[in-house]
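Visitor:
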Amino acid sequence: MSHHEPLSHGEPVGHDEPLSQVERRPDDNLTNEVRPALEAVLMVADRPVEPGLLAQLLEISAVRVEELCRDLSREDEADGRGFTISKVAGGYRFQSTVAQAPYVERFVLEGQSARLSAAAMETLAIVAYKQPMSRAQIGAIRGVNVDGVMRSLLTRGYVDEVGRDAGPGQAVLYGTTPLFLERLGLDSTDDLPPLGSFVPDPNIVEALEQGLGTHEDRATSRDAVTKGLDPAEVLAQAQPGAEQSGVGPSLPNQA
Numbered sequence: 089m090s091h092h093e094p095l096s097h098g099e100p101v102g103h104d105e106p107l108s109q110v111e112r113r114p115d116d117n118l119t120n121e122v123r124p125a126l127e128a129v130l131m132v133a134d135r136p137v138e139p140g141l142l143a144q145l146l147e148i149s150a151v152r153v154e155e156l157c158r159d160l161s162r163e164d165e166a167d168g169r170g171f172t173i174s175k176v177a178g179g180y181r182f183q184s185t186v187a188q189a190p191y192v193e194r195f196v197l198e199g200q201s202a203r204l205s206a207a208a209m210e211t212l213a214i215v216a217y218k219q220p221m222s223r224a225q226i227g228a229i230r231g232v233n234v235d236g237v238m239r240s241l242l243t244r245g246y247v248d249e250v251g252r253d254a255g256p257g258q259a260v261l262y263g264t265t266p267l268f269l270e271r272l273g274l275d276s277t278d279d280l281p282p283l284g285s286f287v288p289d290p291n292i293v294e295a296l297e298q299g300l301g302t303h304e305d306r307a308t309s310r311d312a313v314t315k316g317l318d319p320a321e322v323l324a325q326a327q328p329g330a331e332q333s334g335v336g337p338s339l340p341n342q343a
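The sequence shown runs 89 to 343 under the working numbering.
(1) Cutting at 8 Å between CB atoms, please list the residues of its own chain near M238, excluding the five before and the five after it.
(2) Name the DSSP bridge partner or partners of Y262?
(3) Opposite G179 in the DSSP bridges: which residues?
(4) For A133, report the span of its alpha helix (DSSP H) as first-last.
(5) Answer with buried or exposed for R272, where buried requires no fewer than 16 other C-beta atoms within 10 angstroms of its C-beta.
(6) Enumerate in chain order the residues of its own chain whose CB-to-CB distance from V234 is below 7 Å, with the five nearest sequence positions on each side excluded.
(7) Compute the distance between the beta-carbons of E127 and G178, then report whether it is under 8 Å.
(8) By how many angstroms is the C-alpha of A208 removed from the C-alpha of T277?
(9) Compare the beta carbon distance of E249 and V232 with 8 Å and say whether it is the shorter of the two.
(10) Just the C-alpha distance for R152 and G168, rounded to the nearest angstrom, thanks.
(11) Considering only the alpha carbon of each residue, which of I292, G236 and G257 lies closest to D134?
(12) Mind reading off the beta-carbon distance from V345 to L156? Whole number of angstroms is fine, and I expect it under 8 Å.
(13) Alpha carbon to alpha carbon, what distance is there between S174 and F195?
(14) Would you tell me roughly how many angstroms separate the C-alpha atoms of P281 and L267, rounded to the nearest one?
(15) Using the beta-carbon count (16 or more within 10 Å), is P319 buried or exposed?
(16) Compute the Euclidean distance between the alpha carbons of K218 and I229, then round it to the nearest angstrom.
(17) For R244, does the count of other Cβ atoms within 10 angstroms reach 16, so buried, or fall short, so exposed?
(18) With 16 as the cutoff for other CB atoms within 10 Å, does D164 come out buried or exposed?
(19) Is it true that the CB of S184 sits closer than 8 Å to the CB of V192?
(20) Grab the span of the alpha helix (DSSP H) containing R203 for me, first residue to last.
Given below as structure tokens:
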């Protein structure tokens, strides 16, 4: 749900000309079933949904979709709700009303002062080091859907659209912004710490690979058999050297 300037000089969707009686053909039972489904779809959508797609999802005609959206918009206005269904860019979406704009803006501004979540930090790091990237590419690296996190980063102004991919579909590509550099005190992304600084010591990598492998893998591992070392022991032995060299993350000693 988002705030957007009203269309047609502030006229809500419900002020459109009504459909003819031939097109309307009301069905109370169908309406009671479809209306909540329509509201649910628009509630979770992150962009305006075209009437044709809504008609396909709800298994009704596009004409009926238009009518229901107008009815819901009229109800929102009559009830004095802080949100309404509006037609934007050829589709429908929920958005806050103009009267609630000051509160929405206050919420957004205060939200920008909140700390980023771990998921947002991880996503921002991926964009910073691998930009320009599409949402699909970022999601492939993280292994999860990143739409929500990307919306948060876009709202905060840390990432922005920087172009489109030349391949099929021409996906939107994202990169970091001057605000991102300003907050980190960097002149450019070239000043980001090299990724090599975060690569752990080879002994730690080997121990982690053994420790994270299957029981069968560990039992048949040539190194595990010939060296007779437990992965935890290797980590403990490698820890001092890693700290002294300044390479790799600091891992706590395990008893």
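Backbone N, C-alpha and C define an ideal beta-carbon position, used for all residues, glycine too.
Guide: With the structure as the only source:
(1) Position 150 of the sequence shown, counting from 1, holds the residue named residue 238. T211, R223, I226, V247 and Y262.
(2) The sequence position of residue 262 within the sequence shown is 174, counting from 1. Per DSSP, M221 and E249.
(3) Start at 1 with the first residue of the sequence shown, and residue 179 comes out as number 91. The partner list for G179 (beta bridge, DSSP) reads V176.
(4) What you label residue 133 is simply residue 45 of the sequence shown in a count that begins at 1. Per DSSP, A133 belongs to no alpha helix (DSSP H) and is neither H nor E.
(5) Here the question's residue 272 lines up with position 184 in the sequence shown. The question names Arg, yet the displayed sequence has Leu at residue 272. Burial call: exposed.
(6) Locating residue 234 in the sequence shown gives position 146, where the first residue counts as 1. Only T211, R223, I226 and G227 meet the Cβ criterion.
(7) Indexing the sequence shown from 1 puts residue 127 at position 39. Indexing the sequence shown from 1 puts residue 178 at position 90. No, Cβ-Cβ distance for E127 and G178 is not below 8 Å.
(8) As a first step, residue 277 is located in the sequence shown; it is residue number 189 there, counting from the start. As a first step, residue 208 is located in the sequence shown; it is residue number 120 there, counting from the start. Each residue's alpha carbon lies about 18 Å from the other.
(9) As a position in the sequence shown, residue 249 is number 161, starting the count at 1. As a position in the sequence shown, residue 232 is number 144, starting the count at 1. Cβ atoms of E249 and V232: not closer than 8 Å.
(10) In the sequence shown, residue 152 corresponds to position 64, counting from 1. In the sequence shown, residue 168 corresponds to position 80, counting from 1. The straight-line gap from Cα to Cα measures roughly 24 Å.
(11) Looking up residue 134 in the sequence shown gives position 46. Per the Cα distances, G236.
(12) With the chain covering only 89 through 343, there is no way to say anything about residue 345.
(13) Numbered from its first residue, the sequence shown carries residue 195 at position 107. Numbered from its first residue, the sequence shown carries residue 174 at position 86. Spanning the two alpha carbons is a distance of roughly 21 Å.
(14) By one-based count along the sequence shown, residue 281 stands at place 193. By one-based count along the sequence shown, residue 267 stands at place 179. For P281 and L267, the distance between alpha carbons rounds to 18 Å.
(15) What you label residue 319 is simply residue 231 of the sequence shown in a count that begins at 1. At P319 the pLDDT is 46, less than 50, meaning the model places this residue with poor confidence and gives no usable figure here.
(16) Here residue 218 refers to the residue found at position 130 of the sequence shown. Here residue 229 refers to the residue found at position 141 of the sequence shown. Each residue's Cα considered, the two are about 11 Å apart.
(17) Stepping through the sequence shown from its first residue, residue 244 is reached at position 156. The residue is buried, with at least 16 neighbouring Cβ atoms inside 10 Å.
(18) The count along the sequence shown starts at 1 and reaches residue 164 at position 76. By the neighbour-count rule (16 or more Cβ atoms within 10 Å), D164 is buried.
(19) The residue labelled residue 192 in the question sits at position 104 within the sequence shown. The residue labelled residue 184 in the question sits at position 96 within the sequence shown. Yes, they are a contact pair.
(20) Start at 1 with the first residue of the sequence shown, and residue 203 comes out as number 115. It is not in any alpha helix (DSSP H) - R203 carries neither H nor E in the DSSP assignment.
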